[in-house]
Amino acid sequence: MLGVAGDPTCPVCRTADVVCGKWTLLLVRDLSEGRSRFCELERSLAGISPRTLSLRLRALEEEGIVERQTFAEVPPRVEYQLTDKGRDLLPIIDSMREYGTRWLAADCTSAAA
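Structure follows, in structure tokens:
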């Protein structure tokens, strides 16, 4: 049975609430490679504004998906990495990659032409 949109008891709805924010899955994808600094994430996500990146990272921290580590250096250094909860999202991203490759790759190629 399908859950009602926004149903707090539906695991699919709850997961969608967490991961469907713009840039969220791309941030998780980029952090799957390991620790990254803010500027590295900003570079890898062409088009994201610093404000949006900051808000997304903060939301992912609050959800327990991303961990922020601050180093006492001058200038201060901050790195982000996935938590165990965040790494558990990687199979979803892999499935999306497979789906996109199988079903959407031709569309992407023809749209670029």
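Per the numbering used here, the sequence shown starts with residue 2, numbered consecutively.
Think of the CB as a built atom: it goes at the ideal place given N, C-alpha and C, for glycine as much as any other residue.
> Are the segment 61 to 75 and the segment 42 to 50 touching by the rule of at least three beta carbon pairs closer than 8 Å?
Replying inline: no
> Among residues of its own chain, excluding the 5 on either side of ARG38, which ones have a beta-carbon nearer than 8 Å to its beta-carbon?
Replying inline: Numbered from its first residue, the sequence shown carries residue 38 at position 37. The answer, listed in chain order, is ARG78, VAL79, GLU80, TYR81.
> Would DSSP call SER37 helix, strand or coil?
Replying inline: To locate residue 37, count along the sequence shown from 1; it is residue 36. Three-state result, SER37: strand.
> Distance, Cα to Cα, THR110 vs LEU56?
Replying inline: Position 109 of the sequence shown, counted from the first residue, corresponds to residue 110. Position 55 of the sequence shown, counted from the first residue, corresponds to residue 56. Only weak support is given to the placement of THR110: the predicted model assigns it a pLDDT of 46, under 50, and the question is left unresolved by the model.
>> Quick check on the DSSP output: what are the complete beta strand (DSSP E) runs of length 3 or more inside the segment 42 to 90, in order along the chain?
In response: 67 to 72, 78 to 83
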